[in-house]
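Asks: Just so you know, the UniProt record's numbering puts 113 at position 113 of the sequence shown, and the rest follows in order with no gaps.
Think of the CB as a built atom: it goes at the ideal place given N, C-alpha and C, for glycine as much as any other residue.
Computed from a predicted model, the values in this text were never measured in an experiment.
For reference, the structure I am asking about is given below.
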Amino acid sequence: MNEQVNDFAFLPLGGTGEIGMNFNLYRLNGKWLAIDCGIGFTGNDMPEADIMVPDPEFIARQKDDLLALVITHAHEDHIGAVAYLWPDLECPVYATKFAASILRRKLREAGMLEDVTIRLIKMEDRFNIGEFDLEFIPVTHSIPEAQSVFIRTPYGNVLHTGDWKLDPEPVIGNVTNLEKFAELGREGVLAMVCDSTNVIVKRAPESEAQVRRSLIDLIGSIKGRVAVTCFASNVSRVESIAYAAKKANRPVVIIGRSLKNLEVAARENGYLADIPPFFTEQNMNDVDLDHVIFIVTGSQGEERSALTRISFDVHQHIAFGSGDTVIYSSRTIPGNELAIMRVQDNLARRGAKVITSRDHFVHASGHACYEEVCELYKLVKPTYGIPVHGEWIHLNGQANVAKEYGAEPILLEDGDILRLGPGKPKIIGGAPYGRLVIDGSRLLSIGGDVLTARRRMLYNGVVVASFAVNMNGELLSDPNISAPGLFDQYDEEFDDVIDEFGEAIERLPQKIRLNDDELTESAKVILRRILGRRLKKKPLVEIHLLRL
Numbered sequence: 001m002n003e004q005v006n007d008f009a010f011l012p013l014g015g016t017g018e019i020g021m022n023f024n025l026y027r028l029n030g031k032w033l034a035i036d037c038g039i040g041f042t043g044n045d046m047p048e049a050d051i052m053v054p055d056p057e058f059i060a061r062q063k064d065d066l067l068a069l070v071i072t073h074a075h076e077d078h079i080g081a082v083a084y085l086w087p088d089l090e091c092p093v094y095a096t097k098f099a100a101s102i103l104r105r106k107l108r109e110a111g112m113l114e115d116v117t118i119r120l121i122k123m124e125d126r127f128n129i130g131e132f133d134l135e136f137i138p139v140t141h142s143i144p145e146a147q148s149v150f151i152r153t154p155y156g157n158v159l160h161t162g163d164w165k166l167d168p169e170p171v172i173g174n175v176t177n178l179e180k181f182a183e184l185g186r187e188g189v190l191a192m193v194c195d196s197t198n199v200i201v202k203r204a205p206e207s208e209a210q211v212r213r214s215l216i217d218l219i220g221s222i223k224g225r226v227a228v229t230c231f232a233s234n235v236s237r238v239e240s241i242a243y244a245a246k247k248a249n250r251p252v253v254i255i256g257r258s259l260k261n262l263e264v265a266a267r268e269n270g271y272l273a274d275i276p277p278f279f280t281e282q283n284m285n286d287v288d289l290d291h292v293i294f295i296v297t298g299s300q301g302e303e304r305s306a307l308t309r310i311s312f313d314v315h316q317h318i319a320f321g322s323g324d325t326v327i328y329s330s331r332t333i334p335g336n337e338l339a340i341m342r343v344q345d346n347l348a349r350r351g352a353k354v355i356t357s358r359d360h361f362v363h364a365s366g367h368a369c370y371e372e373v374c375e376l377y378k379l380v381k382p383t384y385g386i387p388v389h390g391e392w393i394h395l396n397g398q399a400n401v402a403k404e405y406g407a408e409p410i411l412l413e414d415g416d417i418l419r420l421g422p423g424k425p426k427i428i429g430g431a432p433y434g435r436l437v438i439d440g441s442r443l444l445s446i447g448g449d450v451l452t453a454r455r456r457m458l459y460n461g462v463v464v465a466s467f468a469v470n471m472n473g474e475l476l477s478d479p480n481i482s483a484p485g486l487f488d489q490y491d492e493e494f495d496d497v498i499d500e501f502g503e504a505i506e507r508l509p510q511k512i513r514l515n516d517d518e519l520t521e522s523a524k525v526i527l528r529r530i531l532g533r534r535l536k537k538k539p540l541v542e543i544h545l546l547r548l
């Protein structure tokens, strides 16, 4: 697709049909613009990996025509994949000051800070990138400097909302500029690409200021140590917790690397200005630990998070128990229920009291609910509504709202290329898309050999057999087999497996036993059959052959 294409098109490569991994592409007369580049979490259905990113293969092949990557805000599902995918994109990155601060830390850790050009976006900026005429509209979210992007083109205008909500009392950041949205509606909006995360929730919009007041009352009423866990990137919530601690005359200790990075980025951009500096594990002995407020990472039960390690009593510095209270100031991301429950159960087992949003008003979503989405459709009046950022139940929910307010909904799968103009919008093709898994410093294909083998080992186990033969192919000793997680070391059946395997090797034709490759492959087949018959499993089998 390197030939000149005179049209305006939209292509989601992450975030449509599943929460997270926002990665959106717009094409205008052959040139591309990317909006957001985020990570997603795998959940309980993929225990062999933790974090995934969109596969950039499609746009990487056309990176000479990729003009820029625009970041709407600094949440991980919108910015977290930049350091991993930028080498495939090699384009300037546009971000606000706060998002740029977060991004620079990630790039520095990856050794890429000097490579990436970051251009700052001012709130309410309007400028051109190539033929793309972009205007940024401040919106309320649970992180500072969130903005929607309005794209003007000769084929029609598109509003890309990013994440947003209507909150008349945001404690950090801007009030969503409703008058500006109404003005855009009067100008004319061909399509609105809109966040769907919370659209099926039908209730009155909730304010972060309400959460702050509730936390002040709750923390002020608790005796003993208090730990609060929330999304590490939720600056508004971190400030609300710290403000409640300040009201209760309690010091704040932050636990978790991502919270430390957030504090630095927030303070260097003028946020948390009225909050004393936080203590950390390194200097927390300077405060009264019996009267402290901990802010802790791990609200989603992440395997290596601080709160998970504390709940298993394996954290190096912190232990919770009788008399302590742990407050979950967050929502449960679908797929994380079991992991969160495991941590909460461990905390309760150790005597800590666990408080969630079911018990007290300690969380408000940063995403628009049904009534708020309806209000935006009334103001913007798009001809077409394009739901993104959510499971299919959320995308369908927004499609119904679009129809209710006179817009024609267009439901897309990741990889669908939607031509917005000229002519009536329609899907004109598909692009290859997929997910990659972050494995240390590597990116691995979900369907590739490494993760396939890891998945097989996880559910069926792995068996490694080694044996030595002489130049005539005769066994020099009994084979050695390692099968952790499948047999006990002193299991009689395990001894039977070793004997049966050795006898089968000796019965192989001499022609096979004289050829290393044939002997190795035959041994693998023999051991698979023995284990399949005895275990009713198909473990991954590796053979090490030594010829002396």
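1) Is Glu404 buried or exposed, if buried means 16 or more other CB atoms sit within 10 Å of its CB?
2) Whole angstroms is fine: what's the gap from Phe58's alpha carbon to Leu69's?
3) Please report the Cβ distance between Gly390 and Ser196, rounded to the nearest whole angstrom; I am assuming they are in contact, meaning their Cβ atoms lie under 8 Å.
4) Note down, in chain order, each residue of its chain lying with its Cβ closer than 7 Å to the Cβ of Gly20, except the 5 sequence neighbours on either side.
5) Helix or strand or just coil, what does DSSP make of Gly14?
6) Take Ser148 and list the residues in its own chain whose beta-carbon comes closer than 6 Å to its own, dropping the five residues that flank it on each side.
7) Which residue spans inside the stretch 306 to 336 form an unbroken beta strand (DSSP E) run of at least 3?
8) Which word fits residue 560, buried or exposed, when buried means at least 16 other C-beta atoms lie within 10 angstroms of its C-beta?
9) Give the straight-line distance between the Cα atoms of Tyr370 and Leu379, rounded to the nearest whole angstrom.
10) Can we say the stretch 197 to 214 touches the stretch 358 to 372, given the rule of at least three CB pairs closer than 8 Å?
11) Express the C-alpha separation of Leu527 and Val463 in angstroms, rounding to a whole number.
12) Grab me the residues of Gln344's own chain with a C-beta within less than 7 Å of its C-beta, minus the 5 sequence neighbours each way, in chain order.
13) In the structure shown, what three-state DSSP assignment does Leu531 receive?
14) Which two residues bound the contiguous alpha helix (DSSP H) that contains Asp416?
15) Within this structure, are the beta carbons of Glu145 and Gly173 separated by less than 8 Å?
16) Reducing DSSP to helix, strand and coil, say where Leu178 ends up.
17) Once the 5 residues before and after Tyr384 are set aside, which same chain residues still bring their CB inside 7 Å of it?
18) Give a yes or no on whether the C-beta atoms belonging to Tyr328 and Ser299 are separated by under 8 Å.
19) Pull the bridge partners of residue 554 from the DSSP assignment, please.
20) Please go through the stretch 186 to 231 and give each complete alpha helix (DSSP H) segment of 4 or more residues, from N-terminal end onward.
21) Following the continuous alpha helix (DSSP H) through Lys97, name the residue where it begins and the one where it ends.
22) How big is the Cα-Cα spacing for Ala34 and Val193?
23) Could you please give me the residues that DSSP links to Pro54 through a beta bridge?
24) Rounded to a whole number of angstroms, what is the C-alpha to C-alpha distance between residue 565 and Ala368?
25) For a quick check, are the C-beta atoms of Leu25 and Phe8 less than 8 Å apart?
26) By Cβ distance, which residues of its chain are closer than 6 Å to Gly323, with the 5 residues on each side in sequence left out?
27) If I measure Cβ to Cβ from Glu337 and keep anything under 7 Å in the same chain, skipping five residues before and after, which residues do I get?
28) So is Met341 buried or exposed if we call it buried at 16+ other beta carbons inside 10 Å?
29) Just curious, the alpha helix (DSSP H) that Lys378 is in, first and last residue?
30) When the distance is taken between beta carbons, is Thr297 closer than 8 Å to Gly335?
31) Between which two residues does the alpha helix (DSSP H) harbouring His78 extend?
32) Taking the alpha-carbon positions, what's the Ser311 to Arg350 distance?
Replies: According to the structure shown:
1) Your numbering for residue 404 matches position 404 in the sequence shown. Glu404 is exposed by the Cβ-count criterion.
2) Your numbering for residue 58 matches position 58 in the sequence shown. Your numbering for residue 69 matches position 69 in the sequence shown. The alpha-carbon atoms of Phe58 and Leu69 are separated by roughly 15 Å.
3) By one-based count along the sequence shown, residue 390 stands at place 390. By one-based count along the sequence shown, residue 196 stands at place 196. With 8 Å as the limit, Gly390 and Ser196 qualify as a contact, their Cβ atoms being about 4 Å apart.
4) Along the sequence shown, read from residue 1 onward, the residue named residue 20 stands at position 20. Excluding positions up to five away in sequence, the list reads Gly38, Ile39, Gly40, Phe41 and Asp77.
5) The residue given as residue 14 occupies position 14 in the sequence shown. Residue state, collapsed to three classes: strand.
6) For the purposes of this step, residue 148 is taken as residue 148 along the sequence shown, with counting starting at 1. Correct list, in chain order: Ile137, Val139, Thr161 and Gly162.
7) 325 to 328
8) No information on residue 560 is available, as it lies outside the stretch 1 to 548 that the chain covers here.
9) On the sequence shown, residue 370 is found 370 positions in, with the first residue counted as 1. On the sequence shown, residue 379 is found 379 positions in, with the first residue counted as 1. When rounded, the distance between both Cα atoms is 15 Å.
10) yes
11) Against the sequence shown, residue 463 aligns to sequence position 463. Against the sequence shown, residue 527 aligns to sequence position 527. Rounded to whole angstroms, Val463 to Leu527 spans 9 Å at the Cα level.
12) In the sequence shown, the residue the question calls residue 344 occupies position 344. These residues qualify, in order along the chain: Val354.
13) By one-based count along the sequence shown, residue 531 stands at place 531. The answer is helix: DSSP assigns Leu531 an H, G or I state.
14) As a working mapping, residue 416 is identified with position 416 in the sequence shown. Run containing Asp416: none in the alpha helix (DSSP H); it sits in the beta strand (DSSP E), Asp416 to Gly421.
15) Within the sequence shown, residue 145 is the residue found at index 145, counting from 1. Within the sequence shown, residue 173 is the residue found at index 173, counting from 1. Contact: yes.
16) The residue given as residue 178 occupies position 178 in the sequence shown. If DSSP states are grouped into helix, strand and coil, Leu178 belongs with the helices.
17) Locating residue 384 in the sequence shown gives position 384, where the first residue counts as 1. Cβ within range, chain order: Leu190, Ala191, Ala407, Glu408, Ile410 and Pro425.
18) Numbered from 1 along the sequence shown, position 328 holds the residue referred to as residue 328. Numbered from 1 along the sequence shown, position 299 holds the residue referred to as residue 299. Their beta carbons are under 8 Å apart, which means Tyr328 touches Ser299 by this criterion.
19) This structure does not reach residue 554, given that the chain is present from 1 up to 548, and the question cannot be answered.
20) 208 to 221
21) As a first step, residue 97 must be located in the sequence shown, where it is residue number 97. Note, Lys97: alpha helix (DSSP H), Lys97 to Glu109.
22) Position 34 of the sequence shown holds residue 34. Position 193 of the sequence shown holds residue 193. Going by the C-alpha atoms only, they are around 14 Å apart.
23) Counting from one through the sequence shown, the residue named residue 54 turns up at place 54. Arg435, per the DSSP bridge assignment.
24) A query on residue 565 cannot be resolved here, the shown segment of the chain reaching from 1 to 548 and no further.
25) Along the sequence shown, one-based indexing puts residue 25 at 25. Along the sequence shown, one-based indexing puts residue 8 at 8. No, Cβ-Cβ distance for Leu25 and Phe8 is not below 8 Å.
26) As a first step, residue 323 is located in the sequence shown; it is residue number 323 there, counting from the start. Gly224, listed in sequence order.
27) To locate residue 337, count along the sequence shown from 1; it is residue 337. Once the five neighbours on either side are set aside, Glu337 has no close Cβ partner at all.
28) The residue given as residue 341 occupies position 341 in the sequence shown. By the 10 Å Cβ count, Met341 comes out exposed.
29) For the purposes of this step, residue 378 is taken as the residue at position 378 of the sequence shown. Taken as a continuous stretch (DSSP letters only), the alpha helix (DSSP H) holding Lys378 covers Tyr370 to Val380.
30) Here residue 335 refers to the residue found at position 335 of the sequence shown. Here residue 297 refers to the residue found at position 297 of the sequence shown. Against a cut-off of 8 Å, the Cβ pair of Thr297 and Gly335 comes out as no contact.
31) To locate residue 78, count along the sequence shown from 1; it is residue 78. Where His78 is concerned, the enclosing alpha helix (DSSP H) stretches over Glu76 to Ile79.
32) Residue mapping note: residue 311 aligns to position 311 of the sequence shown, counting from 1. Residue mapping note: residue 350 aligns to position 350 of the sequence shown, counting from 1. Computed Cα separation, rounded: 8 Å.
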